[in-house]
Amino acid sequence: MGSLAGGVGARRPRFLCLHGFRTSGEIMRKQVVGKWPAEVTARLDLVFADAPFPAEGKSDVDGIFDPPYYEWFQFDKGFTEYRNFDKCLADKAYANMIKIPSLHFLGDNDFLKPHGEQLIESFVDPFIIRHPKGHTVPRLVDETSLEVMSRFLDKMEKEMSELPSVKAEAEAAADVDEKEVCI
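Read in full-length UniProt numbering, the sequence shown has 177 at position 177, and its numbers run on one by one without any break.
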């Protein structure tokens with residue numbers, strides 16, 4: 001689907017925005033860009049991907065957003081060769097703490113909230129934005145949400161600036177003589 005990155009300058013943290021069940025990257029783009037303040041989106045390189053499978057059923061957003069709609073996976077209900085395979089995978093998935101910066105959105109009325117809270121326990125120092133809605137992209141208009149997002153972005157930008165390749169690029173750009181640029 002592409003990214004919202006544009007122009008030249010400092011690298012921005014890249015957010016992979018994964019849409020929900022039977023929606024699309026374009027729908028996710030409309031939800032994020034339409035709901036988040038410009039001071040937040042300007043600090044991000046937002047990437048919106050479409051799931052690999054065309055939706056095989058009715059979308060909950062049909063009539064609200066235009067198709068096409070996609071699904072991340074499709075089940076073969078007749079396939080029973082492996083028993084408890086999902087449990088085996090789940091046990092391994094949460095075996096080790098995840099040590100990357102993470103940002104989580106939890107809605108007070110989200111039907112998947114217990115699963116989101118369980119997922120958060122797998123991360124070291126997660127940033128959490130809680131909102132009063134359900135399973136939706138939060139608006140980030142209240143002070144608390146903006147403060148958490150700002151702290152997360154500050155951390156990401158600091159970590160990115162400490163990467164060897166980013167430091168080398170910044171130093172090389174600083175060493176360019178103005179005369180060389182004008183020639």
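Just so you know, even glycine gets a beta-carbon here, dropped at the ideal spot from N, CA and C.
Exercise. Span of the alpha helix (DSSP H) holding Arg-29?
Worked result: DSSP places Arg-29 inside the alpha helix (DSSP H), whose first and last residues are 25 to 35.
Problem set entry | Beta-carbon gap between Gly-20 and Ala-49 smaller than 8 Å | Annotated as distal: Gly-20 and Ala-49, with beta-carbon spacing of 8 Å or more.
Problem set entry | Euclidean distance between Cα positions of Cys-17 and Lys-30 | 11 Å
Exercise. Going by beta carbon distance, what residues of the same chain come within less than 6 Å of Asp-110, once the five residues before and after it are set aside?
Worked result: The residues are Gly-134 and His-135.
Exercise. Which value, in whole angstroms, describes the spacing of the CA atoms of Pro-126 and Ile-100?
Worked result: 9 Å
Exercise. Nearest to His-131 by alpha carbon, out of Glu-121, Pro-67, Ile-120 and Thr-144?
Worked result: Thr-144
Problem set entry | Backbone CA spacing between Gly-34 and Ser-165 [nearest angstrom] | 33 Å
Exercise. What is the C-beta distance between Ile-27 and Phe-65, in whole angstroms, given that I count them as a contact (C-beta under 8 Å)?
Worked result: 5 Å
Problem set entry | Same chain only: Cβ atoms within 7 Å of Trp-36, ignoring 5 sequence neighbours per side | Cβ contact annotation for Trp-36 (same chain, cutoff 7 Å, sequence separation greater than five): Leu-140, in chain order.
Exercise. In the DSSP assignment, what residue or residues form a beta bridge with Ala-49?
Worked result: Leu-18
Exercise. Between which two residues does the beta strand (DSSP E) harbouring Leu-146 extend?
Worked result: Careful: Leu-146 lies outside any beta strand (DSSP E), inside the alpha helix (DSSP H) at 143 to 161.
Problem set entry | Paired residues, beta bridge with Glu-39 - DSSP | Glu-39 has no beta-bridge partner at all, per DSSP.
For this session: Ignore the nearest five residues each way along the sequence and tell me which others in Val-148's own chain have a CB closer than 6 Å to its CB.
Result: Phe-127 and Ile-129
Exercise. Three-state secondary structure (DSSP) at Phe-85?
Worked result: It is helical.
Exercise. Helix, strand or coil for Leu-44 per DSSP?
Worked result: coil
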